[in-house]
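Novice: Quick one: the structure is below, and I'll ask about it shortly.
Residue numbers (my numbering): 430 to 810.
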């Protein structure tokens with residue numbers, strides 16, 4: 430096992446279960462990659478993880494007790510993840526990276542099919558150890574890989590997309606509260622379906638009333654719009670992904686629901702619409718992956734919100750989500766205040782929600798909190 434020495438003072442974060450050590454926090458990084466033990470300057474043990482000298486995060490901790498990163502270790506990790514998700518139904522996130530003690534790995538479960546993403550060189554190098562353990566723990570019929578994210582490219586890894594085990598259908602049937610979405614895995618965004626918005630979709634459906642008008646922007650396959658239509662509301666879905674809109678239309682036809690569809694860029698479509706809408710949902714994709722991207726993204730969100738507020742009905746609700754760690758709840762509140770000021774509108778904070786329990790938020794890993802949703806209501810005096 431390789432050995433890395435952590436600079437004095439930097440060992441505290443590891444002892445508080447933070448898994449990442451950066452280049453300037455290590456003394457003399459070895460040139461070879463592999464499983465490594467991190468120790469403090471006084472030689473005391475800190476963690477076992479994977480050392481990758483070429484990564485922007487050279488050391489990622491997998492365990493904070495001495496021991497190997499073998500099949501038994503990974504099997505215990507997967508079994509722990511399964512226990513934490515007991516009672517969550519057939520579709521959920523099974524592994525949420527560092528928050529589940531498995532840096533660089535994301536696994537979503539859709540019944541008997543798993544969809545996974547490998548984001549780091551360490552998890553890629555350990556594939557022959559952890560993948561059999563995953564099969565032992567879950568016993569899936571098939572596994573599909575969607576390792577085509579920017580984080581993987583930053584690690585210098587090639588994309589891997591396709592079936593990697595067993596039988597995987599070309600179209601995955603994802604059921605959520607009576608709605609069944611046929612998701613073609615080869616065309617899907619991320620790992621196929623935005624499971625992290627499940628609780629928000631349920632909350633939203635409980636708030637919608639028959640006859641109301643709903644605008645679902647960045648709708649993907651229409652998880653919000655279809656629920657609105659099911660409640661008897663008039664729903665309009667907006668997205669630039671034609672394949673996703675085709676799936677929405679297919680689900681609506683099968684269930685006898687009516688959802689209007691508009692294809693195009695969100696801001697351009699918003700500028701051409703006339704309101705009012707009782708509920709407007711804005712759930713843009715992850716556009717902030719580095720801190721320096723925050724200011725332009727906030728300006729973009731202000732532009733989106735300004736147009737959405739123009740369309741909002743009296744006492745209507747506006748939902749704004751971000752799936753970026755770098756955009757905080759405070760940033761959402763700030764852009765909402767700026768857009769409201771531009772429109773001369775008064776708003777009330779109806780609620781602030783976070784990601785569901787199958788996407789755990791570790792106290793010790795701030796980056797594990799990524800999804801924030803601000804729910805605002807028009808509040809004229």
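Every residue, glycine too, gets a C-beta built ideally from N, C-alpha and C.
Because the structure is a prediction, the values reported are computed rather than measured.
I'd like the list of long-range same chain contacts for residue 628, defined as Cβ closer than 6 Å, with 5 residues on each side in sequence excluded.
Specialist: Position 199 of the chain shown, counting from 1, holds the residue named residue 628. So the qualifying residues of the chain are 785.
Novice: With distances taken from CA atoms, which of 652, 480, 696, 483 is nearest residue 739?
Specialist: For the purposes of this step, residue 739 is taken as the residue at position 310 of the chain shown. The candidate whose alpha carbon is nearest that of residue 739 is 696.
Novice: Can you tell me where the beta strand (DSSP E) with residue 804 in it begins and where it stops?
Specialist: For the purposes of this step, residue 804 is taken as residue 375 along the chain shown, with counting starting at 1. Counting along the chain, the beta strand (DSSP E) containing residue 804 begins and ends at 801 to 807.
Novice: Just to confirm the assignment: which complete alpha helix (DSSP H) runs, minimum length 4, are found wholly within the stretch 556 to 626?
Specialist: If we require 4 residues or more, the alpha helix (DSSP H) runs fully inside the stretch 556 to 626 come out as 556 to 567, 579 to 583.
Novice: By the three-class DSSP mapping on this structure, what secondary structure does residue 679 have?
Specialist: Working through the chain shown from its first residue, we reach residue 679 at position 250. Residue 679 falls in the helix class under three-state DSSP.
Novice: Between the C-alpha atoms of residue 693 and residue 667, what's the straight-line distance to the nearest angstrom?
Specialist: Numbered from 1 along the chain shown, position 264 holds the residue referred to as residue 693. Numbered from 1 along the chain shown, position 238 holds the residue referred to as residue 667. Distance between the alpha carbons of residue 693 and residue 667: 7 Å.
Novice: Determine whether the beta carbon atoms of residue 823 and residue 489 lie at a separation below 8 Å.
Specialist: In this structure the chain extends from 430 to 810, so residue 823 is not present and cannot be described.
Novice: Straight-line CA distance for residue 671 to residue 579?
Specialist: Position 242 of the chain shown holds residue 671. Position 150 of the chain shown holds residue 579. Whole-angstrom Cα-Cα distance: 23 Å.
Novice: Along the chain, where does the beta strand (DSSP E) that runs through residue 540 open and close?
Specialist: To locate residue 540, count along the chain shown from 1; it is residue 111. From DSSP, residue 540 is part of no beta strand (DSSP E); its letter is neither H nor E.
Novice: At what residues does the beta strand (DSSP E) containing residue 780 begin and finish?
Specialist: Here residue 780 corresponds to residue number 351 of the chain shown, with the count starting at 1. Element bounds for residue 780: 776 to 783.
Novice: Decide if residue 726 is buried, meaning its Cβ has at least 16 other Cβ atoms within 10 Å, or exposed.
Specialist: Indexing the chain shown from 1 puts residue 726 at position 297. Buried.
Novice: Sort out for me which residues DSSP pairs residue 645 with in a bridge.
Specialist: By 1-based counting over the chain shown, the position of residue 645 is 216. The partner list for residue 645 (beta bridge, DSSP) reads 666, 710.
Novice: Using a threshold of 7 Å, is the CB atom of residue 686 nearer than that to any non-hydrogen atom of the ligand GTP?
Specialist: Only the bare structure without any ligand can be found here, which leaves the ligand GTP out of the picture.
Novice: For the beta strand (DSSP E) that contains residue 690, what are its first and last residues?
Specialist: Counted from its first residue, the chain shown places residue 690 at position 261. Residue 690 -> beta strand (DSSP E) spans 688 to 692.
Novice: With respect to the beta strand (DSSP E) encompassing residue 475, which residues constitute its N-terminal and C-terminal limits?
Specialist: Within the chain shown, residue 475 is the residue found at index 46, counting from 1. Per DSSP, residue 475 belongs to the beta strand (DSSP E) from 474 to 480.
Novice: Can you tell me which of the three DSSP states residue 763 falls into?
Specialist: The count along the chain shown starts at 1 and reaches residue 763 at position 334. DSSP places residue 763 in helix when its eight states are reduced to three.
Novice: Going by C-alpha to C-alpha distance, which of 789, 804, 766 sits closest to residue 797?
Specialist: Working through the chain shown from its first residue, we reach residue 797 at position 368. Among 789, 804, 766, the Cα nearest to that of residue 797 is on 789.
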